[in-house]
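Chains as they are written, first to last, in our numbering: chain A, 999 to 1344; chain B, 1274 to 1528.
Structure (structure tokens):
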């Protein structure tokens, strides 16, 4: 039964981009961005959901990963390193920034931590905006363009290709790559959640003093959460840069951090599947609205009364208010893990 | 019997309050050592200093010959001093079993890489952690409620769970901060049997308790603290008759 289920999910995941491409190529791109957001939400979930550390500047790590990729694979510095070298560099760099944020905030919790992380996110963005003088590193607000797509040998992820008689567009190729990375990150998350480290994270979320008294080195465990969360963000950022081909500081504003946090909260903090669902909903529903609101209004009233963008934020706010009223723990709250009585004679 | 815990000259000041003032005592291996004193005498402060939650201002303490004064809380737990809290501090949204499994943290080693790769060593360790946690839940008598959230457990069971979690760290010295607080007579009796069993199984116990009957019946020796100083120490029956102790609790005789 389980095997059949996995096979069905695999077929659905493989067929999805072709179904979406049937509706319109834009939808494959939307799916790709949804997966990027899932990666971000899963990374943030380690910090917020497991370790209970409220982080409002998470998008900074996405920015670090994206700029690491853009600077090392674009005409800007005329560097064109292959992606499988840059992605780990981006992850490590983001990880370093995660520790950099973690060390001075070790004693902070809740709102205080939120303020500091918010400031950190803004500092990174402002740096990116201004590091164009005296030495031009980031190219300031103009951003970096003509970023290399992912390439393995002669196989480029940005071109049409025909593999085994199937025509694959660029977005479809990226979709498969992103899906593979997502599955990997999911596996890492699921395994960490049910491990000694995952339990230590939950312990500091529940009661830091008791965790210390039980022998958990909270400094170590917190920094580990920041570092792991940040490196996932860094990987997602690198992929974002390659897919877009262009990045600028404008992509890494506070609202993006808030959006990723909303995905984690909406789905259910600490529940990995909930977080994935939250990211999927908050990426797809606004796009659905964009494509349905206008024709619907024209059909009903003969003209457009309210801009789709306005309705989007309105509904988003409404959804969050309803959520907090009816499902404060998220759509899929973190469930108690039941364990069968293990054979105790072993 | 040799001393397991030796404290000398422990002092702690909060602003203008001298919470502990040169406290010294020693606990022998295998005994149940009681600590009593009026409210505000410094009992819990002493616990917090001994378990590394507060830094001490002066003095030192050794556990099993090793100087632990000034070490962080997690290192002290690793050296074999575990505690429970006066106002229960469980991991409320985790199951009872997970609470005890977290207690095994300090005696296990698996890291991120082991967990992600599910190595053979990691799986064996996880299985051992879970098995030990089940054993301890049965030991304190709440095995049937292993999968309940800690915050949904009855009060007495929460106290037992805290003891199981502390025992999971394999302590040499188990420090209990008012374990019988809020318990009825039956629960207190059961707790007493549990503590006697823990001692019989080789763990030394340091006990803060307000229930005088429990302290007098259970402990081998008692330390009386008052205003941050040692007022008296000795076997319970002697301490009970000590005029200074009576004065501290009930006030001086009217002349």
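By construction, the Cβ of each residue, glycine as well, lies at the ideal position given by its N, Cα and C atoms.
Does residue 1426/B come out as helix, strand or coil in the three-state DSSP assignment? coil
Applying the criterion that 16 or more other CB atoms from any shown protein chain within 10 Å of the CB defines a buried residue, is residue 1210/A buried or exposed? buried
Could you tell me if residue 1342/A is buried or exposed, where buried requires 16 or more neighbouring beta carbons within 10 angstroms of its beta carbon? Caution applies to residue 1342/A, whose pLDDT of 40 falls short of 50 and renders its modelled position unreliable; the model cannot decide the point.
In chain A, which residues lie less than 8 Å from residue 1392/B when you measure between Cβ atoms? Residues of chain A passing the Cβ test: none, with the nearest at roughly 11 Å.
Beta-carbon contacts of residue 1356/B that lie in its chain and below 7 Å, excluding the five residues immediately before and after: 1320, 1324, 1439, 1448, 1450
Contact list for the stretch 1177-1202 of chain A against chain B, Cβ threshold 7 Å: 1186, 1189, 1190, 1193, 1194, 1195, 1197, 1198, 1200, 1201
In whole angstroms, what separates the C-alpha of residue 1063/A from that of residue 1293/A? 38 Å
If you draw a straight line from the C-alpha of residue 1370/B to the C-alpha of residue 1471/B, how long is it? 19 Å
Indicate the three-state DSSP secondary structure (helix, strand or coil) for residue 1382/B in the structure shown. coil
With a threshold of 7 Å on Cβ separation, who are the neighbours of residue 1394/B within its own chain once the five nearest residues in sequence on each side are excluded? 1387
Start and end of the alpha helix (DSSP H) containing residue 1031/A? 1023-1043
What distance in whole Å lies between the Cβ atoms of residue 1335/B and residue 1279/B, which are believed to be in contact at a cut-off of 8 Å? 5 Å
Please determine if the stretch 1219-1231 of chain A and the stretch 1195-1205 of chain A are in contact, where contact requires at least 3 C-beta pairs separated by less than 8 Å. yes
Determine the DSSP secondary structure at residue 1483/B, reduced to helix, strand or coil. coil
How many angstroms separate the CA atom of residue 1116/A from the CA atom of residue 1383/B? 33 Å
Give a yes or no on whether 8 Å exceeds the smallest Cβ distance from residue 1364/B to chain A. yes
Around the Cβ of residue 1084/A, are there at least 16 other Cβ atoms within 10 angstroms (buried) or fewer (exposed)? buried
Given residue 1454/B as reference, the closest of 1487/B, 1475/B, 1467/B once Cα atoms are compared: 1487/B
In this structure, does DSSP put residue 1390/B in helix, strand or coil? helix
Would you call the stretch 1168-1184 of chain A and the stretch 1095-1110 of chain A in contact, with 3 or more CB pairs under 8 Å? no
By a C-beta neighbour count over all protein chains shown, 10 Å radius and 16 as the cutoff for buried, is residue 1312/B buried or exposed? exposed
Mapping DSSP to helix, strand and coil, what is residue 1056/A? coil
Residue 1260/A - DSSP class collapsed to helix/strand/coil: helix
Helix, strand or coil for residue 1298/B, going by three-state DSSP, please let me know. strand
Report yes or no: is there a C-beta of chain A within less than 8 Å of the C-beta of residue 1483/B? no
Limits of the unbroken beta strand (DSSP E) element including residue 1355/B: 1354-1356
Chain-order list of residues whose beta-carbon lies under 6 Å from that of residue 1027/A (same chain, five-residue window excluded): 1169
Mind checking which residues open and close the beta strand (DSSP E) that includes residue 1283/B? 1276-1287
Taking CB distances under 8 Å as the criterion, tell me whether residue 1222/A reaches chain B. yes
Any C-beta of chain A sitting closer than 8 Å to the C-beta of residue 1375/B? yes
What are the residues in the stretch 1204-1217 of chain A lying within 8 Å of chain B by C-beta distance? 1204, 1205, 1207, 1208, 1209, 1210, 1211, 1212, 1213, 1214, 1215, 1216
Run through chain A and tell me which residues come within less than 9 Å of residue 1297/B, C-beta to C-beta. Those within 9 Å of residue 1297/B in chain A number zero; the least Cβ separation is about 23 Å.
Smallest Cα separation from residue 1247/A: which of 1312/A, 1142/A, 1184/A, 1225/A? 1142/A
Alpha carbon to alpha carbon, how far is residue 1268/A from residue 1224/A? 15 Å
Show which residues of chain A have a CB atom less than 7 Å away from the CB atom of residue 1367/B. 1200, 1204
Residues of its chain near residue 1025/A, where Cβ-Cβ distance is below 6 Å and the 5 sequence neighbours each way are ignored: 1018
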